[in-house]
Amino acid sequence: MINEQLLHPESIVVIGGSNNIHKPGGAIVRNILQGGYRGTLRIVNPKEDEVQGIKVFHDVKELPPTDLAVIVVAAKYCPDYVEFLAAEKAVRAFIIISAGFGEETKAGAALEKRVLDSCERYGAALIGPNCIGLMNSWHHSVFTKPIPTLNPQGADFISGSGATAVFILESAVTKGLPFNSVWSIGNGKQIGIEDVLQYMDENFDAERDSKVKLLYIENVGNPDKLLFHASSLIRKGCRIAAIKAGSSESGSRAASSHTGAIASSDSAVEALFRKAGIVRCFSREELTTVGCIFTLPPIKGKNFAIVTHAGGPGVMLTDALSKGGMNIPKLEGQAADELKAQLFPGSSVANPIDILATGTGEQLGIAIDFCENRFENIDAIFVIFGTPGLVQLYEAYDVLHKKILECKKPIFPILPSIHTAGPEVSEFLQKGHVNFSDEVTLATALTQVMQTPPPAAPEIELFGVDVPRIRSIIDGIKTNGYVSPDIVRQLFTCAGIPMVPEMVSDKKETLIEFAQKVGYPVVAKVVGPVHKSDVGGVALNIRTPEHLALEFDRMMKIHDATAIMVQKMIKGTEVFIGAKYEQRFGHVVLCGLGGIFVEVLKDVKSGLAPLSYPEAFSMIRSLRGYKIIKGTRGQKGINEQRYAEIIVRLSTLLRFATEIKEMDINPLLADDKDVIAVDARILIEK
């Protein structure tokens, strides 16, 4: 629970506050004082009479009633302090900095439970234990530095790790990224990342509150709550980016299928972020760069102009943006000629616009004006301007400052000389701007932002999916394990997923008769073994009854063979859909190109069931092999609409059949007209 005593306490007591600012107790007192706290600050320390100019209480029993207690003593003393302060001094908010709780030992976990029980009993808010504290514009109850610039429109930053929070703040401060609040939740025993988002969502004021949220997550405790409140905030106009650490922890789990080998808890996180509209980041630099991007006006297109006085960075930025699917259109015609006439000889205006190392602040402004007013096919402007030692940077940065305020198109300042032009860059940042010192990092972060879809609609696509019949089939299955091909076909029929004509039988004559009916060539597959190819259980391009008879006799001798499946052989591009049930998250649906793209390259994208059509299209279009799906080098693409439809229908099937723990449809064969399932496996666990 988050309350006013935690956010805006009229009085704070630091239990363990000291004069030693090199220890947490002293550093917290220093930060609260230097942060301009306007309430009453109290300190308890039995060994000191005065701490940093404040008279000290030697015993908690001497304290008057207080709103917030910040506790910086050994873990073993914390439960008794919390109980006494809550019961006797009306403390209704606690920040416990101390470590040595559930993150270390069972005994520590027991101490942590006593603390939580007291807080719950008295209706008190609890941050921590094992954290660096909480900082907002009212109070700086943290023991670390740096203290960033605080601004009501700055970022709200919530971190599951104290040390990582400090490092992220270090990265942000150098870029000029302002903050509104910093939450270090530590062990998150009562208040976790999801709870902070819930509070921000339920109390959101569009006129007053920050619209930028940055998250560092080590464990997603409640995926549904995170999804609901993150997507709600984004729909209200907020922008959210997050790092989820620990992405490879489950990479080596045993798996019985392609999907099981590829899917992991990280696939679930990727899918959750996609559904919520959260921008996924993978490093501190990327997170703070995305945060800076969020402070600029949203970009309305993908056509960018680059204004630079150094050719190399302009080329690297062009390459990085192009790789991310963005355009650096060539600038030509009368406007380009007029711009070139106002620059020094040798300048280039083709895009990047290179005004040369001798280019002046005035010429920088002219180039920006042309991009803003004359070049209509430009959606945003990137300005690279460091110190070649030939011009006055104060003048150039003042021009840049004015243009950022005047222009309607977003301007991304890339000022790389943070050492040789430290004072000039610092003055620029103090005017309320951000700085992207590395152009490639900016392009990578911007790509992530541009490729993140908006939050998915919560409605489930039910059209054409027979949910009652699906439940009837699932309820009729009495044993766990892989279901028969007949059950697979029944379920797919209910979901409207087309399958290639097939027959399963242990009678040779029946299969030969079926092959004659659908027409040769056909494919024969053994039924029983999970991995058919590994045991020689697949035969392609069977063109005669005699060949089919030989393959039937051979395959029925394979260990665990129970029958043979014969299918009409069709052609097309192999695509893949799979699904795996992840605890707490639900079904993770994967899609990609089939064959080597799945097995070797792991080129798959994930989404959380149930999926909307925009989510399905976003997954498909984010694949590295998407050009093959679209069609390339004279080859026709596949029916993308139909592929997306099958993904959505499958996700609806899964939503109402949680007993399905793994599913592979590999391959689906697709052409420009249709997408048809050729082989599928469904694992049921009740």
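Under my numbering, read the sequence shown as residues 607 to 1292, first letter to last. No residue lacks a Cβ here, since even glycine has one placed at the ideal position from N, Cα and C.
Query                                                                                                                         : Result
Proximal residues to Thr1168 (C-beta, below 6 Å), its chain only, five neighbours per side dropped                            : Val1133 and Gly1134
Among Lys1014, Asp1285 and Lys1292, the one whose alpha carbon lies nearest that of Ile1103                                   : Asp1285
Where Ala869 falls, given that 16 or more other Cβ within 10 Å makes a residue buried                                         : In this predicted model, Ala869 has a pLDDT of only 48, less than 50, meaning its place in the structure is not dependable enough to derive any value.
Gln1057 to Pro903 span [Cα, whole Å]                                                                                          : 17 Å
Contact under 8 Å by Cβ, Phe988 with Phe1018                                                                                  : yes
Per-residue burial, Ser863 [other beta carbons within 10 Å of its own, 16 or more giving buried]                              : Unreliable placement is indicated for Ser863, whose pLDDT of 44 sits below 50; no coordinate value is reported for it.
Nonlocal neighbours in the same chain, by C-beta distance under 6 Å from Gly917, ignoring five residues either side           : Asp960
Beta strand (DSSP E) segment containing Tyr1187, residue limits                                                               : Thr1179 to Glu1188
Contact test: Glu944 Cβ vs the ligand SAM heavy atom, cutoff 7 Å                                                              : The ligand SAM is not among the ligands present in this structure, which contains no ligands whatsoever.
Length of the line joining the Cα atoms of Leu775 and His745                                                                  : 17 Å
Nearest residue (CA-CA) to Asp1280, options Gly827, Tyr1249 and Arg1095                                                       : Tyr1249
Residue interval of the alpha helix (DSSP H) (run including Thr1047)                                                          : Glu1045 to Gln1057
Backbone secondary structure at Glu656 - three-state DSSP                                                                     : strand
Bridge-paired residues (DSSP) for Met1269                                                                                     : Ala1185 and Ile1288
Continuous beta strand (DSSP E) stretch holding Gly819: start and end                                                         : Going by the sequence as given, residue 819 is Lys instead of Gly. Val818 to Ile823 is the span of the beta strand (DSSP E), which, as asked, contains Lys819.
Beta-carbon contacts of Ala1062 that lie in its chain and below 6 Å, excluding the five residues immediately before and after : Lys881, Ser1218 and Glu1221
Bridge partner(s) assigned by DSSP for Gln1173                                                                                : Glu1108 and Val1129
Paired residues, beta bridge with Val676 - DSSP                                                                               : Val620 and Ile701
Neighbour-count burial assignment, Glu800, 16 or more Cβ in a 10 Å radius                                                     : buried
Residues bridged to Arg845 [DSSP beta-bridge criterion]                                                                       : Val818
Ile1083 versus Tyr683: straight-line alpha-carbon distance, rounded                                                           : 56 Å
Status (buried if at least 16 other CB within 10 Å, exposed otherwise) for Lys781                                             : buried
C-alpha gap between Glu1030 and Tyr1000, whole angstroms                                                                      : 6 Å
Residues sharing a beta bridge with Thr750, DSSP                                                                              : Thr750 pairs with nothing; no bridge assigned.
Beta-ladder partner(s) of His1193, from DSSP                                                                                  : Tyr1187
Complete runs of the beta strand (DSSP E) confined to the segment 1221-1274 [at least 3 residues]                             : none
Residue range of the beta strand (DSSP E) that includes Lys1211                                                               : Val1210 to Leu1214
Start-to-end residues for the alpha helix (DSSP H) that takes in Thr1099                                                      : Pro1091 to Ala1101
Option nearest Leu732 by Cα separation, candidates Gly794, Glu710 and Lys695                                                  : Gly794
Counterpart residues of Val788 in DSSP-defined beta bridges                                                                   : Met741 and Phe763
Alpha-carbon spacing of Ile608 relative to Thr993, whole angstroms                                                            : 48 Å
Inter-stretch contact at 8 Å, needing at least 3 Cβ pairs: the segment 939-958 / the segment 890-897                          : no
Given Gly1142 as reference, the closest of Glu1268, Arg1160, Ile823 and Val1094 once Cα atoms are compared                    : Arg1160
N-terminal and C-terminal residue of the beta strand (DSSP E) that Arg648 is part of                                          : Thr646 to Val650
Beta-bridge partners of Tyr643, as assigned by DSSP                                                                           : None; Tyr643 has no bridge partner.
Three-pair Cβ contact test at 8 Å for the segment 919-928 versus the segment 1034-1048                                        : yes
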